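Read left to right, the sequence shown gives residues 5 to 334 (our numbering).
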Amino acid sequence: MCLLVSVLVLASSCSWVGWNWDTPMTTVLPKSDFGKTTHEIFMLISWWTLGIFIAVEACLLYVCWRYRDQPGAPIPKQVHGHTALEVGWTIAFAVILLIFAIPTIRVVFKTQEAPAATALRVEVFGKQWWWEFRYPQFKITTANELHLPKGQTATFLLNAPDVIHSFWMPQLGGKRDVVPHRINHLTLTPEVAGEYPGQCAEYCGMSHANMRFRVVVHEPADFESWVKAQQAPPVEPTDPLAQQGKTIFSQSACVGCHTITGISAGHIGPDLTHFASRKRFAGSLMESTPENLVKWIENPEHMKPGALMPNLGMTGEQSKALAAYLLSLK
Ligand code: CUA
């Protein structure tokens with residue numbers, strides 16, 4: 005019993021471990037049409053199975069009570085096989101499964117429908133161990149932060165350049181495999197503005213658990229402002245430390261892996277053009293603060309085991325300058 009209670013307590017607290025956001029990592033508070041549809045079917049099946057459970061347990065308790073051992077009671081009639089009963093319950097269970105299957109199959113097909121032509125297209129790239137989001141119609145690329153307008157259908161084209169991942173935004177619905185050499189689709193309409201956690205849901209290597217992302221659902225006008233800000237060229241740093249960081253960035257190996265518009269065009273790591281507009285970095289693992297950035301630059305392997313980002317041997321002053329530069333890129 006103690007074990008059961010501790011498992012339940014641990015399981016219920018898992019949602020919040022390491023996230024510290026207003027919205028929990030849960031599927032039972034759906035915030036999109038997709039999430040609501042799957043949640044409804046989950047609830048429907050839960051209530052039905054609860055009814056079956058109560059009926060079966062009632063029969064069991066009745067039989068236990070009816071045929072309990074009593075002093076002097078005769079041995080009940082011994083039955084071996086009962087064709088009518090066995091055929092009856094086989095048919096009954098087949099009917100119950102059919103009742104479950106009809107709405108389930110309907111939802112499976114509904115959630116696979118082709119998106120409308122007006123849907124916002126977002127190309128999702130699941131990489132070991134971070135997420136890239138590209139908006140081809142706006143020519144925007146971002147990392148670990150997915151921005152969507154409320155009330156507009158969005159369709160995600162899921163790409164995996166390396167291994168199999170799974171794209172999952174618990175409150176918005178979905179969870180769909182991201183498979184190399186094919187493009188999977190996921191279409192949904194966010195209905196409530198807010199911030200939601202996302203997570204890779206398929207074991208994909210050492211830092212699978214660190215492959216998270218944030219979803220920000222905006223009011224339509226706010227989404228437009230976000231798009232404009234992302235389309236703008238990077239801000240020129242004014243602070244001397246940040247200017248020094250810019251020089252270090254453009255003269256070091258950083259440029260081989262990262263893009264900052266007008267400065268570099270690397271594609272192995274995240275696009276950093278508007279790095280400071282994102283609340284978190286490194287697979288949404290850490291908050292974008294100078295301290296965390298310095299730690300990350302000086303020892304990425306320690307922060308995110310298996311990360312491709314190498315330790316470039318930056319000294320304290322250099323990493324501080326780089327952090328200042330990155331945090332100036334609003
Ligand atoms: Cu990507 Cu797990």
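Heads up, the beta-carbon is just placed ideally off N, CA and C, and yes, glycines get one too. Remember, it's a predicted structure, so these values are computed and weren't measured experimentally.
Quick check: residue i and residue j, are their CB atoms within less than 8 Å of each other?
{"i": "Leu150", "j": "Leu190", "result": "no"}
{"i": "Ile45", "j": "Pro107", "result": "yes"}
{"i": "Lys244", "j": "Met29", "result": "Rather than Lys, the amino acid found at residue 244 in this sequence is Pro. Not closer than 8 Å, so no."}
{"i": "Thr1", "j": "Lys114", "result": "Residue 1 lies beyond the stretch modelled for the chain, which goes from 5 to 334, so this question has no answer here."}
{"i": "Glu206", "j": "Ser170", "result": "yes"}
{"i": "Leu289", "j": "Phe38", "result": "no"}
{"i": "Asn148", "j": "Arg284", "result": "yes"}
{"i": "Glu199", "j": "Lys35", "result": "no"}
{"i": "Thr157", "j": "Pro119", "result": "yes"}
{"i": "Thr293", "j": "Thr277", "result": "no"}
{"i": "Leu333", "j": "Ala280", "result": "yes"}
{"i": "Cys258", "j": "Ile272", "result": "no"}
{"i": "Gln132", "j": "Gly209", "result": "yes"}
{"i": "Lys154", "j": "Ala123", "result": "no"}
{"i": "Trp134", "j": "Met215", "result": "yes"}
{"i": "Phe129", "j": "Pro165", "result": "yes"}
{"i": "Gly270", "j": "Ser211", "result": "no"}
{"i": "Pro237", "j": "Glu136", "result": "no"}
{"i": "Ile144", "j": "Val231", "result": "yes"}
{"i": "His43", "j": "Thr27", "result": "no"}
{"i": "Phe142", "j": "Gln235", "result": "yes"}
Taking buried to mean at least 16 other C-beta atoms within 10 Å of its own C-beta, is residue i buried or exposed?
{"i": "Thr84", "result": "The identity of residue 84 in the sequence shown is His, whereas the question assumes Thr. Under this definition His84 is an exposed residue."}
{"i": "Arg70", "result": "exposed"}
{"i": "Lys308", "result": "buried"}
{"i": "Ala328", "result": "buried"}
{"i": "Asp73", "result": "exposed"}
{"i": "Trp52", "result": "exposed"}
{"i": "Phe97", "result": "exposed"}
{"i": "Asn303", "result": "exposed"}
{"i": "Ser50", "result": "exposed"}
{"i": "Trp93", "result": "exposed"}
{"i": "Lys81", "result": "exposed"}
{"i": "Gly22", "result": "Bear in mind that the predicted position of Gly22 carries a pLDDT of just 49, short of 50, making it too unreliable to give a figure here."}
{"i": "Thr242", "result": "exposed"}
{"i": "Gly320", "result": "exposed"}
{"i": "Leu297", "result": "buried"}
{"i": "Ser323", "result": "buried"}
{"i": "Ala246", "result": "buried"}
{"i": "Val126", "result": "buried"}
{"i": "Tyr139", "result": "buried"}
{"i": "Val182", "result": "buried"}
{"i": "Gly178", "result": "buried"}
{"i": "Cys18", "result": "Any reading at Cys18 must be qualified, since the residue scores a pLDDT of 48, below 50, and its modelled position is unreliable; the value itself is stated next. Exposed is the call here."}
Given the structure, does residue i come close to the ligand CUA, in the sense that its CB is under 7 Å from one of the ligand's heavy atoms?
{"i": "Glu117", "result": "no"}
{"i": "Cys63", "result": "no"}
{"i": "Gly310", "result": "no"}
{"i": "Glu206", "result": "yes"}
{"i": "Gly130", "result": "yes"}
{"i": "Met215", "result": "yes"}
{"i": "Trp133", "result": "yes"}
{"i": "His84", "result": "no"}
{"i": "His169", "result": "yes"}
{"i": "His306", "result": "no"}
{"i": "His212", "result": "yes"}
Going by the DSSP bridge assignment, what does residue i pair with across the sheet?
{"i": "Val231", "result": "Answer by DSSP bridge pairing: none, since Val231 is not bridged."}
{"i": "Arg180", "result": "Phe171"}
{"i": "Asn188", "result": "Leu162"}
{"i": "Leu150", "result": "Val219"}
{"i": "Glu321", "result": "Looking at the DSSP assignment, Glu321 forms no beta bridge with any residue, so it has no partner."}
{"i": "Trp134", "result": "Lys131"}
{"i": "Ile144", "result": "Tyr139"}
{"i": "Cys204", "result": "Phe171"}
{"i": "Thr263", "result": "Ala269"}
{"i": "Ser36", "result": "Pro194"}
{"i": "Met29", "result": "In DSSP, Met29 forms no bridge with anything."}
{"i": "Met290", "result": "Phe285"}
{"i": "Glu199", "result": "Val220"}
{"i": "Arg125", "result": "Thr159"}
Taking 7 Å as the cut-off, is the CB of residue i close to at least one heavy atom of the ligand ATP?
{"i": "Phe137", "result": "In the structure on display, the ligand ATP does not appear, and the ligands it does have are the ligand CUA."}
- prompt: Touch check for the segment 306-314 and the segment 221-228: three-plus C-beta pairs under 8 Å?
  reply: Contact fails: fewer than three Cβ-Cβ distances are below 8 Å.
message: Three or more C-beta pairs under 8 Å: does that hold for the segment 249-262 against the segment 91-108?
response: The segment 249-262 vs the segment 91-108: no contact.
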